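Peer 1:
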Amino acid sequence: MLTGGYDLSSVPLPEEKPFWADILLAFRRLESSELAAFDPSGTSVDGYGFTTIVTEGRLYLVWLMKQIEQLGGRHERRHVSSLDELADYDAVVNCTGLMAPKLVDGEEMYPIRGHVIRVRAPWVRQYTNKDKDIYIIPNTDTVVLGGTIQKGDWDTVPRPEERARILERCYSILPSLRRAPIVREWVGLRPGRAAIRLELERRALPATAARRGTLPVVHNYGHGGSGLTLAWGCAADAMQLVQAALQL
């Protein structure tokens with residue numbers, strides 16, 4: 001969904017525009033009069049305006065799976081406790097995210113807890129983001145209000161005090177949200193890591209394997225809260241690594 005909106009900041013931003021500015025449509029720096037209009041709380045001193053794409057993961061992932069199936073792909077859901085169980089495959093792409101340490105010895109991942117609320121507010125047509133952890137994002141039939149960025153916190157139960165803080169911060173930017181009924185709230189865990197791991201490992205096959213040699217494993221995880229943003233680029237790189245490993 002193509003959506004216009006505003007990225008607000010409570011501190012001055014660098015004079016040089018961000019590296020991602022040219023990727024977006026109609027990127028511009030906001031004037032002081034616009035900042036005052038977009039943030040009634042008066043705490044925004046800088047910001048950008050631009051048009052971008054909003055992707056709903058709950059719908060997008062279903063669509064992607066259908067595309068795979070139409071191209072002849074198959075999917076199977078099962079528990080895997082070791083990469084050695086996959087020795088019969090030509091290659092493996094490991095996208096296990098936060099659970100990567102279950103399959104990769106010595107891997108260090110950590111949860112980044114995110115608490116969000118969905119409300120019914122059909123009049124909201126533009127997104128607003130402030131200081132990375134306050135956001136109002138219109139979706140197809142609801143508006144997402146957030147959020148939290150809590151490293152190392154595994155708790156997936158919504159906390160009443162956080163709900164109140166999220167709502168009040170979003171209300172301060174867009175007061176009309178006060179009359180928007182809450183549809184749902186939930187907590188998710190983003191897969192945190194010091195840096196994305198995207199590389200090829202040639203893993204020695206176990207002695208029980210039907211063949212000798214190595215199993216090409218392409219690791220692709222650790223994207224934090226940017227999984228959808230980075231998906232296409234990382235997938236293209238992962239595909240190239242698989243093709244090189246199999247000499248395709």
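Just so you know, we're using UniProt numbering here: the sequence shown kicks off at 1 and counts up by one. Think of the CB as a built atom: it goes at the ideal place given N, C-alpha and C, for glycine as much as any other residue. The structure presented is a predicted model; accordingly, all values stated were derived computationally and were not measured.
How close, in whole Å, do the beta carbons of R120 and T96 come, if the pair is a contact with beta carbons under 8 Å?
Peer 2: About 35 Å; that fails the 8 Å criterion.
Peer 1: Note down, in chain order, each residue of its chain lying with its Cβ closer than 6 Å to the Cβ of V218, except the 5 sequence neighbours on either side.
Peer 2: Cβ within range, chain order: V93, L200, A238, L241, V242.
Peer 1: Excluding the five sequence neighbours on either side, which residues of its own chain have a C-beta within less than 6 Å of the C-beta of G225, listed in chain order?
Peer 2: Contacts found: R190.
Peer 1: Enumerate in chain order the residues of its own chain whose CB-to-CB distance from E162 is below 7 Å, with the five nearest sequence positions on each side excluded.
Peer 2: Only H115, T148 meet the Cβ criterion.
Peer 1: From the DSSP output, in three-state form, read off D7 for me.
Peer 2: In this structure, D7 counts as strand in the three-state DSSP scheme.
Peer 1: Under the three-state reduction of DSSP, which class applies to V242: helix, strand or coil?
Peer 2: Helix at V242.
Peer 1: Among all the DSSP beta bridges, which residues are the ones paired with W186?
Peer 2: Its beta-bridge partners are V116.
Peer 1: Do I117 and R58 count as a contact pair if the criterion is CB distance below 9 Å?
Peer 2: It is not a contact, given that the beta carbons lie outside the stated cut-off.
Peer 1: Checking 9 Å against the spacing of the C-beta atoms, do D39 and V11 come in under that value?
Peer 2: Against a cut-off of 9 Å, the Cβ pair of V11 and D39 comes out as no contact.
Peer 1: Going by beta carbon distance, what residues of the same chain come within less than 8 Å of L246, once the five residues before and after it are set aside?
Peer 2: Closer than 8 Å at the Cβ level, and outside the excluded window around L246, lie D90, A91, P216.
Peer 1: Which whole-angstrom value is the C-beta distance of S44 and L8, which I expect to be below 8 Å?
Peer 2: Right, their Cβ atoms sit about 4 Å apart.
Peer 1: Can you name, in chain order, every residue of its own chain whose Cβ lies under 6 Å from the Cβ of L25, other than the five neighbours on each side?
Peer 2: Here the set comprises T51.
Peer 1: Could you tell me whether the stretch 73-90 touches the stretch 161-179, using the rule of 3 or more Cβ pairs below 8 Å?
Peer 2: The stretch 73-90 is not in contact with the stretch 161-179.
Peer 1: Who are the near neighbours of Y171 in its chain, counting only those whose CB is closer than 8 Å to its CB and skipping five residues on each side?
Peer 2: Correct list, in chain order: L177, R178.
Peer 1: Using the beta-carbon count (16 or more within 10 Å), is V157 buried or exposed?
Peer 2: Exposed, by the Cβ-count rule.
Peer 1: Report the rounded CA-to-CA distance for L2 versus T140, giving the unit in angstroms.
Peer 2: Using only the alpha carbons, I get a separation of about 11 Å.
Peer 1: In whole angstroms, give me the CA-to-CA distance for D155 and L248.
Peer 2: Roughly 44 Å separates the two Cα atoms.
Peer 1: Mind checking I23: buried by the 16 CB within 10 Å criterion, or exposed?
Peer 2: Exposed, since its Cβ has fewer than 16 Cβ neighbours within 10 Å.
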